[in-house]
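Below: the structure, in structure tokens.
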Amino acid sequence: MGDSGDNQRRPGELAQPGCAMTGYAFVLAGSDPGIALVIFGERDCANAFPRLDPRFSALPRWNVWSAGLRETDVVAGAAEERLRGCLREVAASRPAPRIVLVLSTCVADVVGADPGPVCAAVEAETGVRIVPAAAGGIRPRTQIGVADEVATLLLDELGRRDAAPDPKAVALVGYPTGRAPDPSLDPRTFRAEAAGVLAGLGLRLAACVPEGAALADWEALPGAGVVAVPDRAALPGLIERLDRPGCVVAEVPVPVGVEAADAFHAAVAAACRVPAAPVQGLPSRALAADAIAAARARLSGRRLAYGIGSHHNFRAGHLAWEGLGDLPLFRSLGFEVDLVVQERDTPEARARIERGLAAAGLDLPYHLFREPAVLAPVLRAGRFDVAYLSDFLADQAVAAGVPIVPLGRIRPGYAGAADACGEVLRAVTGGFRERYARWLAPGRDAPGRDAPGREAADRAPPGHGRQP
Amino acid sequence: MTRSPYALADTDHGDLFGVFLAVHALPGSVLLLHTTVGCKFKTQLHLYGHDAFRESHNRRLWTGVDEVRLIAGSGERLIRFATTWYERRRPDLFVVTTNAAVELSAVDVEAAVEDLRRRLPCPVLLLPAPGYQGSLWGGYSRMVSAVAGLADWTAPRDPAAVGLAGYPFDRYEMDHVANLGEVRRLLKAVGLDLAGTLFSGEPLAAVRGIARAGTLIALPYAAPAVPALAAASGRPVATLDLPVGLAGSAAFLRAASAAAATPTATAAGLPDARTEAAIDRELARAAPLAARVADRVAGLRAAVCLDTPLAAAVTAFLLDLGLEVPLACLTDGVQANPAAFHATLDRLGAPPAGRPAVLAAPSRDEARDALLAEAARSPIPVIVGSAVQAGYGVPGAAVVQLGYPATGKHQVYPVPWMGSNGAVALAQRVMDAAAGAF
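Residue numbers (my numbering), protein chains in the order written: chain A, 326 to 793; chain B, -3 to 434.
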């Protein structure tokens, strides 16, 4: 990737704009029971995040609450009083939350309800830290901007202020460090792999934020002497706080594929001023290298459509470099890559795309589709062999007869690279769907949906497309 | 136990999702989300995992309301957006919905919709859905009322035809194909023809066929729509329990037959011979199969976590099979109704022994606590519920996912849960779950 310091680039401008309240909930719901979220809006606003996400769904106590504003609260100017009752209940819940974030919503903004004084009053009354966050959706924001805001707020609130940066402590900021859907699969995550490599160098993984961060990550973050970030311009608030004397901030691309993972570990070692990690001997690396070589032999020269501009999950790791972070893997497999970008065809949109690509040091052909329902003709015209797309676009891929690898299935690290090769090979070289293609009606149903029991540790939640 | 007004429930949907669900069930229709951006998530996100076989994303369009448009007025935006997108999509029906922020600030939406009705060749419905209003099935029911108003009720009535309102068509999977097949088959057995269903995954043109029905049957999900259905149609509307379980299916047939007053009906108050013969045939085939299950599961404990109508029908059937149901959690929010639950058990003749304690609209944590406590008292091997209960972590309990959301259960092969065939199939699922052998 290129230099994120390019001042023409506006991070997040090629992804979906979103509702900040939704973004907070996506990033934090299920992350840690000690972080409680209160949605200062109507009950229905609490539906704006995936509550069946396995980690959230299985919490003994759900850590999201709703002020449940009623029409009478709204029209009578009693929203703050309703919030007061809610906050008292949340503060009294057991185990008590370490922090309560109060997320304002569209309706609170429209009626001018101010949660600040109520938060302060209930905090004083109960001793539980309560922080309001301006998160109403009437001013759509970039997803990565919301992720940065969440991270900055939690660092300010939870980070150990007295922690001096430890040169042997590494933080991964803005990578796909989500936890596995099932805790038993956590050892297969990139987070676990990175921790293992660092330990081999006498270093320790202090924190991974914001994806998959628990309280302990936020607390430990200021103590990291080395911060690796794939796209520092995308997280300006957080990096500004971390980039201080005694702390090295190194921009290191997302390690998708073997070469990228090698480069990642070398760069982190260099930032820590220790000899490069002896990754060559890692069994997982050997497996990944074999898998890449085998896959490349079968895939080289094939055409891949790489989708951006559609997904909507507020995950910093997916949003780095405008969602182009997984590109190196496909290139290492020998694909000819074209971008398919969900945008209207306007000079302004083309200018945005081109400056985003230029900032990333990329020169790729791209094709536009104005909305999800019209992607199929673009895929057909491009004669693609496979498409890497948000999962909800699968029906378009099927209609075009193009197999899909759903966005989010590519995990970083060596184990991720090996799994990714299998994923891409299955999609491209065909399986049941291809053997029985003659009898399958195009567009009738969509492959690529999440399958129970998959070992996709960093599986993305369903995404959502831009509506004009 | 009463529900915390602030803790989240299994589902917390207002009318918005119910309206969207109904739009999804009516192919060719499109929901115009004249809302702020976050409402996009409150619709398709939840259907994504539940309906594995039909994409719902493209069934709604967000009109792009933001702060500037709220201040300047969003009506003109709605008109331009809808007219442009009509040309692109050519929908059979536009359904415009608004959220609280728009309701509170945009005074020009109704006028804009009136304008659209004049401009566009397709019907345009306006169903505001502020997030403090309604429920999943409440929103669905509003769409039932609104779409019923689009039928030509001056069409000749066929006394042997019935229309079905409030069928809970929540996904394009084969359980619904099988259920609707069961309903048609049962009605045919008593000489009735299903003229149309609100909703069944059929497009508006087919749904409008409901106008030839002489009688309308409303399932409980359409109960709030009954006055509107009666007023719009001029037909008698009978509210029936769900045809779930053996007794439930028989009761459905009797009530449908009586409501339609089929030609073979005898004098009021006396059993209709043709209906009773049909029920007899059904039971002669299904009861011996269900009995094999009953022999194996009698005395077993099961909990139920479903919306009120389905919870009642399923509980009645489980009791019929000889299970004990110590706990029923009614998960339909503001529509949760313990009195209706108990009344349904009585109507369906459920055995008095083993009836459950009922939690009306508990929070998710309250329901989980109650289930864990009950399971600690004595094991509960089976929960008939939704994907939410799969996350409860009740030791030793298998979840039979039924209704919404069932993100872990998708139906490729047509297996019903309604009708007498559905009763046998549901009994099979309960037996398998109890044995942990799926």
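We put the CB at the ideal spot given by N, CA and C, even for glycine. Predicted model, so just to flag it, every value in this text is computed and none were measured.
- Query: In chain order, what residues of the segment 9 to 21 of chain B put their CB closer than 9 Å to some CB of chain A?
  - Reply: Listed in sequence order: 9, 10, 11, 12 and 13.
- Query: Is any beta-carbon of chain A found at less than 9 Å from that of residue 424 of chain B?
  - Reply: Counting from 1 along the second sequence, the entry for residue 424 of chain B is found at position 428. Taking CB atoms only, residue 424 of chain B has no neighbour in chain A less than 9 Å away.
- Using DSSP bridges, identify the partner residues of residue 711 of chain A. Position 386 of the first sequence holds residue 711 of chain A. Residue pairing of residue 711 of chain A in beta bridges, as defined by DSSP: A/629.
- Counted within 10 angstroms of its Cβ, other Cβ atoms place residue 673 of chain A as buried (16 or more) or exposed: Here residue 673 of chain A refers to the residue found at position 348 of the first sequence. That one is exposed.
- Item | Opposing strand residues paired with residue 403 of chain B [DSSP bridges] | What you label residue 403 of chain B is simply residue 407 of the second sequence in a count that begins at 1. None; residue 403 of chain B has no bridge partner.
- Closer than 9 Å at the beta carbon, the chain B residues around residue 357 of chain A: Here residue 357 of chain A corresponds to residue number 32 of the first sequence, with the count starting at 1. In chain order: nothing, as chain B lies at least about 17 Å away.
- Message: Does the CB of residue 61 of chain B have a neighbour CB from chain A at under 9 Å?
- Response: Start at 1 with the first residue of the second sequence, and residue 61 of chain B comes out as number 65. Taking Cβ atoms only, chain A reaches closer than 9 Å to residue 61 of chain B, which makes this a yes.
- For residue 1 of chain B, which of helix, strand or coil comes out of DSSP? Taking the first residue of the second sequence as position 1, residue 1 of chain B is located at position 5. Coil.
- Just to confirm, are residue 278 of chain B and residue 253 of chain B a CB contact at a threshold of 9 Å? By 1-based counting over the second sequence, the position of residue 278 of chain B is 282. By 1-based counting over the second sequence, the position of residue 253 of chain B is 257. Not in contact: residue 278 of chain B and residue 253 of chain B (Cβ atoms no closer than 9 Å).
- Task: Taking C-beta pairs closer than 9 Å, name the residues in chain B that residue 399 of chain A reaches, listed in chain order.
- Result: Start at 1 with the first residue of the first sequence, and residue 399 of chain A comes out as number 74. 96, 100, 126 and 128, listed in chain order.
- So which residues on chain B does residue 347 of chain A lean against when the C-beta distance must stay under 7 Å? Residue numbering aside, residue 347 of chain A sits at position 22 when the first sequence is read from its first letter. Near residue 347 of chain A (Cβ distances below 7 Å), the residues of chain B are 34 and 37.
- Could you say which of B/8, B/138, B/289 and B/188 lies nearest to residue 211 of chain B if we only look at CA atoms? As a first step, residue 211 of chain B is located in the second sequence; it is residue number 215 there, counting from the start. Comparing Cα-Cα distances from residue 211 of chain B to each of B/8, B/138, B/289 and B/188, the minimum goes to B/188.
- Straight-line gap, residue 232 of chain B to residue 221 of chain B (C-alpha atoms, nearest Å): Along the second sequence, one-based indexing puts residue 232 of chain B at 236. Along the second sequence, one-based indexing puts residue 221 of chain B at 225. Cα to Cα, residue 232 of chain B sits roughly 13 Å from residue 221 of chain B.
- For residue 234 of chain B, which of helix, strand or coil comes out of DSSP? Stepping through the second sequence from its first residue, residue 234 of chain B is reached at position 238. Three-state result, residue 234 of chain B: strand.
- Cutoff 6 Å; reference residue 451 of chain A; Cβ partners in own chain excluding five residues on either side: Within the first sequence, the letter at position 126 stands for residue 451 of chain A. Within the same chain, residue 451 of chain A has close Cβ partners 416.
- Query: Counting contacts by CB-CB distance shorter than 9 Å, is residue 339 of chain A in contact with chain B?
  - Reply: One-based indexing of the first sequence puts residue 339 of chain A at position 14. Taking Cβ atoms only, chain B never reaches closer than 9 Å to residue 339 of chain A, which makes this a no.
- Query: According to DSSP, which residues form a beta bridge with residue 576 of chain A?
  - Reply: For this step, residue 576 of chain A is matched to residue 251 along the first sequence. In DSSP, residue 576 of chain A forms a bridge with A/554.
- Message: Please classify residue 660 of chain A as buried or exposed, where buried requires at least 16 other C-beta atoms within 10 Å of its C-beta.
- Response: Position 335 of the first sequence, counted from the first residue, corresponds to residue 660 of chain A. Buried.
- So, is residue 34 of chain B buried or exposed, given that buried needs 16 or more other C-beta atoms within 10 angstroms? The count along the second sequence starts at 1 and reaches residue 34 of chain B at position 38. Its Cβ being crowded by 16 or more others within 10 Å, residue 34 of chain B is buried.
- Task: Can you tell me which of the three DSSP states residue 374 of chain B falls into?
- Result: Numbered from its first residue, the second sequence carries residue 374 of chain B at position 378. DSSP places residue 374 of chain B in coil when its eight states are reduced to three.
- Check the Cβ-Cβ distances between residue 45 of chain B and every residue of chain A, and say whether any is below 9 Å. Counting from 1 along the second sequence, the entry for residue 45 of chain B is found at position 49. Taking CB atoms only, residue 45 of chain B has a neighbour in chain A less than 9 Å away.
- Query: Does the beta-carbon of residue 295 of chain B have 16 or more other beta-carbons within 10 angstroms, so that it is buried, or is it exposed?
  - Reply: To locate residue 295 of chain B, count along the second sequence from 1; it is residue 299. Exposed is the call here.
- Item | Nearest candidate by alpha-carbon position, reference residue 587 of chain A, set A/712, A/607 and A/572 | For the purposes of this step, residue 587 of chain A is taken as residue 262 along the first sequence, with counting starting at 1. Among A/712, A/607 and A/572, the Cα nearest to that of residue 587 of chain A is on A/607.
- Message: For residue 360 of chain B and residue 368 of chain A, I'd like the C-alpha separation in whole angstroms.
- Response: Position 364 of the second sequence, counted from the start, is the residue given in the question as residue 360 of chain B. Position 43 of the first sequence, counted from the start, is the residue given in the question as residue 368 of chain A. Cα-Cα distance, rounded: 14 Å.
- Close Cβ partners of residue 794 of chain A (< 6 Å) along its chain, the five nearest in sequence each way excluded: Because residue 794 of chain A is not part of the residues shown, which for chain A are 326 to 793, the question remains open.
- Can you give me, in chain order, the residues of the segment 368 to 381 of chain A that have a beta carbon less than 9 Å from any beta carbon in chain B? Of all residues in the segment 368 to 381 of chain A, the ones placed with a Cβ closer than 9 Å to any Cβ belonging to chain B are 368, 369, 370, 371, 372, 373, 374, 375, 376, 377, 379 and 381, in chain order.
- Task: Establish whether the CB of residue 389 of chain A and some CB of chain B are separated by less than 9 Å.
- Result: Looking up residue 389 of chain A in the first sequence gives position 64. Yes - at least one Cβ of chain B is within 9 Å of the one on residue 389 of chain A.
- Message: Considering only the alpha carbon of each residue, which of B/165, B/185 and B/216 lies closest to residue 193 of chain B?
- Response: Within the second sequence, numbered from 1, the residue matching residue 193 of chain B stands at position 197. Residue 193 of chain B has its Cα closest to that of B/165, out of B/165, B/185 and B/216.
- Task: Between the Cα of residue 88 of chain B and those of B/22, B/111 and B/44, spot the shortest distance and give me the residue it belongs to.
- Result: In the second sequence, counting from the first residue as 1, residue 88 of chain B sits at position 92. Checking every option, the nearest Cα to that of residue 88 of chain B belongs to B/22.
- Message: Does residue 409 of chain B pass the burial test, meaning 16 or more other C-beta atoms within 10 Å, or should it be called exposed?
- Response: Locating residue 409 of chain B in the second sequence gives position 413, where the first residue counts as 1. When all chains shown are included, residue 409 of chain B counts as exposed.
- Message: Quick check on residue 36 of chain B: does DSSP put it in helix, strand or coil?
- Response: Your numbering for residue 36 of chain B matches position 40 in the second sequence. In the structure shown, residue 36 of chain B sits in a helix (DSSP, three-state: H, G or I).
- Query: At what residues does the beta strand (DSSP E) containing residue 300 of chain B begin and finish?
  - Reply: Residue mapping note: residue 300 of chain B aligns to position 304 of the second sequence, counting from 1. Taken as a continuous stretch (DSSP letters only), the beta strand (DSSP E) holding residue 300 of chain B covers 297 to 302.
- Secondary structure at residue 325 of chain B, three-state DSSP: helix, strand or coil? If you number the second sequence from 1, residue 325 of chain B lands on position 329. Strand, per DSSP.
- Three or more C-beta pairs closer than 8 Å, one from the segment 419 to 438 of chain A and one from the segment 357 to 377 of chain A: is that the case here? yes
- Query: Can you list, in chain order, the residues of the segment 543 to 567 of chain A whose Cβ is nearer than 9 Å to any Cβ on chain B?
  - Reply: none
- Task: Return the bridge partner residues of residue 58 of chain B from the DSSP annotation.
- Result: Working through the second sequence from its first residue, we reach residue 58 of chain B at position 62. Paired residue(s): B/29.
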